[in-house]
Structures are given as structure tokens and as C-alpha cells.
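So that you can map any letter, position 215 of the sequence shown is 311 in the working numbering, and since no number is skipped, the others follow by simple counting.
We put the CB at the ideal spot given by N, CA and C, even for glycine.
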Amino acid sequence: MSTVTDFELRDALHLSFLHSTDAMVITNTQGIIVDVNPSFTRIYGYTQAEARGKTNAIVRSSHTTDAFYKRMWADIRNPQIGFWKGEIYNRCKDGTEIPALLTITPYKHEGKIAGYMGISVCIEAQKELHERLIQHEKMVSLGLMLAGVAHEIGNPLTSISSIVQMLQRKVEEPFVGEKLALIREHIDRITHVIRDLMESAHVNSDVTETVSVRDCLTRALELVRFHPQVRYLSVVMDVSDKDSYLVVGSATRLQQVFTNILINAGDAMDGKGQVLIRFKTQNGFYQVDFLDEGSGFTAKSLEHAFDPLFTTKSPGKGTGLGLYICQNIVRAQSGAIHVSNRPDGKGAQVSVWLPIKT
Ligand SMILES: Nc1ncnc2c1ncn2[C@@H]1O[C@H](COP(=O)(O)OP(=O)(O)O)[C@@H](O)[C@H]1O
Ligand SMILES: [Mg+2]
């Protein structure tokens, strides 16, 4: 059996300190920094020389209150507890604040505390992921709730609509007739929103079959040709003749995705200009890019494009449900959808990925 000499052990410990991917700080009993490891320098931006002789206050962020610090040190000094562990925001030299999981433990020499060791694990990625998950959950439940409300509104709306139609047939006075026509227009608008909402809830319940992405797109283009904002657009397709682009999914749903994207492009270009549709095959997915020549996304619309009810359009024009529905459909078919601005700055780019049928 081989034994580890003191020398080897010290070497190993020192090397772990140097090569750890987590930031480590060693302080004396007064909390003055004795040493920091290279990861500390990499993450927080202070060199070893800058950190030595200072206290942990150099990384203290605006989130950490005096009371928080007091409690932390009370725990560490309390012999019953003897350490502190928790999530904290630390500030880097350049002012950015990052979340970290910090552990502070005292180290002892001959039974007495000789100093403290702090290890901070950067949890920025985990935190971001967690927040995204929460946001996603919120959106899903909001969507379901909206669909429920839509269902409740749908029935009375249908009867109001038929009563109005009946009155329209009976009415003789022009003023009343005009007002009834206006009421019907408003009802139609509400019906339109309701229909979109209901559709968003039923994305999973469709039949799945083998469908050609290319055929769905062709069909969507035929349908959308009746739309005033799309009618005069020039649509250019960059697609290989050899591949029919087969995926497993619902043809009507995919058409709906493409229709929504095309109408958005038409809106962004105010009915004039060119949409380029490009097909690619990559890593088991078909990628369909829609490149328009419109206004492009703003920073805000990029961030919220997929949120239900987010729209930058006037009430009659947009419901803010188009991309939300698209995302639900595409995800239900194990695909993805992404929005961005074209690298050449000419407008927006919407990309849809669908897994190739195997
Ligand atoms: N091709 C595009 N170019 C620029 N902005 C777009 C494009 N597509 C969508 N957007 C932005 O995303 C928002 C949400 O789109 P969508 O969910 O389809 O709702 P709606 O079209 O009803 O507003 C739009 O209001 C618009 O601001
Ligand atoms: Mg839309």
C-alpha cells in the first residue's frame, strides 16, 4: 500500500486551490484576505495583489445588507453552527453582480481558529435557467387560463351575434341599422381573438401523421394569398427539389405556424416587399428560415415575442397570440422556433426547426 507523504499532501492541496474552478478566498481571523486562487481572479476580476490585505468587502454587492453580514458572521462564530452557506450576490471589480453559492468555514490550528476559507460557486447559469423555467410555467398556465376564459365567452358571444343578425334583418330605422352593424363588427373582432385563444389550447390534441413540411408551406402560402397584408408580397423559396422534408406532426397545425409567420412578415412590411424562405437540413432537423424586409424586432419585442397577448399592433390588427401559438405547436412536435433580426439588418428572421422523420 502506498502512503502519501506530508509533502505530497500539501502539494496536492495547494494544486487543488490553484486549479479549482470555484473561487476561493483565505482570510485571517480578522477577515483580511491572505490569498485568493486564480478562479477568484478570473471570476471577480481582482488580481491576487489587489485582493491581498483587503477584506471580503471588495466583493460585497448592493444586495448584501449589514444585517445580512451580521447574521452570517454570527453563524460562523457560533460554535454550535460554525460555518455559513447560502446564496449571495457578489460584485465583480467591473461592477457586475453575480449570484454565487458561498460557503465560509473556519480553519483551525492547534484547536484555535486560524482564519476562514470562503468558496463561492458561480450559479449564474442555474439561476437563469431556473428563472426561465418559472417564466415558462407562468406562460403555460396563463395560456390555459386564457383558453378557459375564451371558451366561457365563446357561447354567449355566439348567441349575441345571432340576436344581432336577427335584429339586423328586422330593423327599418337606418340609425339603428348602422349601430347594429357596428356591434357586429366588434363581435367579429372578439370572435377572432377567442378563436385564436381556443386554438392555442388544443395544440396537443391533434392527429399526428407523416407530413411534408414543404407541402404544408405551399398550402399555407395558398391560404395566406387571400390576406390583404400578404397578397402583394413576393415570396421566394430556396428549397431543394430532391427532399420532400418529411416530419411527424399535424399538417393543419404546421400550416397554422407558417401562416402566422407570413402574416407577421406582411404586417412588418406593410404588405410590400419580399419574403425569402430558406430550407436547411441540420443535425436531424429541418430548419425553415423566413427572412422579411420589414421593420425588424425591437429589443422589447424580441424579448416578449412569444408571450401570450404581447403585441405592438393596434387592437384590431394584433392579438399577440400568433407566435405564442406557433411556439406551442412547434414544441408539441418536438421542434423549436426562434426569432431574431437578419444579420444584414434588412428585417426580421424567424426560424423553425422540426425533427426529421426517421
Ligand atoms: N416579422 C416580424 N417583424 C417584426 N416584428 C415582428 C415580426 N413578427 C412578430 N413581430 C413582433 O412580435 C409581436 C408578437 O407577434 P404575434 O405573437 O404574432 O402577435 P401579433 O401579430 O398579433 O401582434 C408583434 O406584435 C410584433 O411586434
Ligand atoms: Mg401575428
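Inset, instruction - Can you have a look at Leu114 and say buried or exposed, based on whether 16 or more other CB atoms are within 10 angstroms of its CB? - result: Start at 1 with the first residue of the sequence shown, and residue 114 comes out as number 18. It is exposed - the Cβ of Leu114 has fewer than 16 other Cβ atoms within 10 Å.
Inset, instruction - Compare the Cα-Cα distances from Tyr140 to each of Thr125, Gly127, Ser157 and Ile128 and report the closest residue. - result: As a working mapping, residue 140 is identified with position 44 in the sequence shown. Comparing Cα-Cα distances from Tyr140 to each of Thr125, Gly127, Ser157 and Ile128, the minimum goes to Ser157.
Legend entry - Buried versus exposed, by CB contacts within 10 Å (16 or more), Pro411: What you label residue 411 is simply residue 315 of the sequence shown in a count that begins at 1. Pro411 is exposed by the Cβ-count criterion.
Legend entry - Per-residue DSSP class, three states only, for Gly214: Within the sequence shown, numbered from 1, the residue matching residue 214 stands at position 118. In the structure shown, Gly214 sits in a strand (DSSP, three-state: E or B).
Inset, instruction - Please indicate yes or no: does the CB of Lys413 lie closer than 8 Å to some heavy atom of ligand 1? - result: Residue 413 sits at position 317 when you count from the first residue of the sequence shown. Within the cutoff, so yes.
Legend entry - Residues near Pro195 by beta carbon distance below 7 Å, same chain, minus five either side: Here residue 195 refers to the residue found at position 99 of the sequence shown. Here the set comprises Glu183, Tyr185, Ile219, Glu220 and Lys223.
Legend entry - Reference Asp366, options Thr254, Asp385, Glu389 and Leu350, closest by Cα: Residue 366 sits at position 270 when you count from the first residue of the sequence shown. Out of Thr254, Asp385, Glu389 and Leu350, Glu389 has the C-alpha closest to the C-alpha of Asp366.
Inset, instruction - Could you give the DSSP three-state label for Lys208: helix, strand or coil? - result: Within the sequence shown, residue 208 is the residue found at index 112, counting from 1. Reduced to three states, the DSSP call for Lys208 is strand.
Inset, instruction - For the alpha helix (DSSP H) containing Asn424, list its first residue and its last residue. - result: Here residue 424 corresponds to residue number 328 of the sequence shown, with the count starting at 1. Gly418 to Ala428 is the span of the alpha helix (DSSP H), which, as asked, contains Asn424.
Legend entry - N-terminal and C-terminal residue of the beta strand (DSSP E) that Met333 is part of: Along the sequence shown, one-based indexing puts residue 333 at 237. Per DSSP, Met333 belongs to the beta strand (DSSP E) from Ser330 to Asp334.
Legend entry - Sequence-distant residues of the same chain with beta carbon closer than 7 Å to Asp190, five excluded per side: In the sequence shown, counting from the first residue as 1, residue 190 sits at position 94. Hits under 7 Å: Gly141.
Legend entry - Leu405, DSSP secondary structure in three states: For the purposes of this step, residue 405 is taken as the residue at position 309 of the sequence shown. Looking at Leu405 - three-state DSSP - the assignment turns out to be coil, as it is neither helix nor strand.
Inset, instruction - Might you give, ordered along the chain, the residues of its own chain that have their beta carbon closer than 7 Å to the beta carbon of Lys150, omitting 5 neighbours on each side? - result: Taking the sequence shown and counting its residues from 1, one reaches residue 150 at position 54. Taken in chain order, the residues that qualify are Ile129.
Legend entry - 6 Å Cβ shell around Met97 - same chain, five flanking residues per side excluded: In the sequence shown, counting from the first residue as 1, residue 97 sits at position 1. With a pLDDT of 49 at Met97, under the threshold of 50, the predicted position of this residue should be treated as unreliable, and no value is reported.
Inset, instruction - Grab the span of the beta strand (DSSP E) containing Pro451 for me, first residue to last. - result: The residue given as residue 451 occupies position 355 in the sequence shown. Element bounds for Pro451: Ala444 to Pro451.
Inset, instruction - Say yes only if the C-beta of Ile359 is nearer than 8 Å to one or more non-hydrogen atoms of ligand 2, and no if none qualify. - result: Here the question's residue 359 lines up with position 263 in the sequence shown. Checking the Cβ of Ile359 against ligand 2 gives yes.
Inset, instruction - Quickly, what does DSSP pair Asn437 with across the bridge? List them, please. - result: Here residue 437 refers to the residue found at position 341 when the sequence shown is read from its first residue. Beta-bridge pairing links Asn437 to Ala444.
Inset, instruction - Using the Cα positions of Ser112 and Glu104, report the straight-line distance between them to the nearest angstrom. - result: Counting from 1 along the sequence shown, the entry for residue 112 is found at position 16. Counting from 1 along the sequence shown, the entry for residue 104 is found at position 8. So the two alpha carbons sit approximately 12 Å from each other.
Inset, instruction - Tell me where the beta strand (DSSP E) around Arg187 begins and ends. - result: For this step, residue 187 is matched to residue 91 along the sequence shown. Per DSSP, Arg187 belongs to the beta strand (DSSP E) from Trp180 to Arg187.
Legend entry - Under 9 Å between C-beta atoms of Leu358 and Val309: Position 262 of the sequence shown holds residue 358. Position 213 of the sequence shown holds residue 309. Taking 9 Å as the Cβ cut-off, Leu358 and Val309 do not qualify as a contacting pair.
Inset, instruction - Can you give me the Cβ contacts of Ile154 inside the same chain, cut-off strictly under 7 Å, excluding the 5 residues immediately before and after it? - result: The residue given as residue 154 occupies position 58 in the sequence shown. Only Tyr142 and Ala147 meet the Cβ criterion.
Inset, instruction - State the CB to CB distance for the pair Leu253 and Thr287, rounded to an integer number of angstroms; the pair is presumed to be in contact (CB under 8 Å). - result: Within the sequence shown, residue 253 is the residue found at index 157, counting from 1. Within the sequence shown, residue 287 is the residue found at index 191, counting from 1. Sure, about 6 Å apart at Cβ, within 8 Å.
Legend entry - Identity of the residues DSSP links to Glu305 by a beta bridge: Counting from 1 along the sequence shown, the entry for residue 305 is found at position 209. Paired residues: Gly345.
Inset, instruction - Kindly examine ligand 1 and report whether one of its heavy atoms sits closer than 8 Å to the Cβ of Phe179. - result: Along the sequence shown, one-based indexing puts residue 179 at 83. Because no heavy atom of ligand 1 lies under 8 Å away, the Cβ of Phe179 does not count as near it: no.
Legend entry - Range of the contiguous alpha helix (DSSP H) that encloses Phe164: For the purposes of this step, residue 164 is taken as residue 68 along the sequence shown, with counting starting at 1. Residues Asp162 to Arg173.
Legend entry - Simplified DSSP assignment, three categories, for Pro270: Taking the sequence shown and counting its residues from 1, the one referred to as residue 270 is at position 174. Here Pro270 sits in helix by DSSP.
Inset, instruction - Please determine if the stretch 373-390 and the stretch 330-350 are in contact, where contact requires at least 3 C-beta pairs separated by less than 8 Å. - result: yes
Inset, instruction - For Val332, count neighbouring Cβ atoms within 10 angstroms of its own Cβ and tell me buried if that reaches 16, exposed if not. - result: As a position in the sequence shown, residue 332 is number 236, starting the count at 1. The residue in question, Val332, is exposed, as its Cβ has fewer than 16 Cβ neighbours within 10 Å.
Inset, instruction - Spell out a yes or no on whether the stretch 197-216 and the stretch 115-127 are touching, meaning 3 or more CB-CB pairs, one atom from each, closer than 8 Å. - result: yes
Legend entry - Sequence-distant residues of the same chain with beta carbon closer than 6 Å to Gly92, five excluded per side: Lying before the first or after the last residue shown, residue 92 is absent from the chain, which here runs from 97 to 454.
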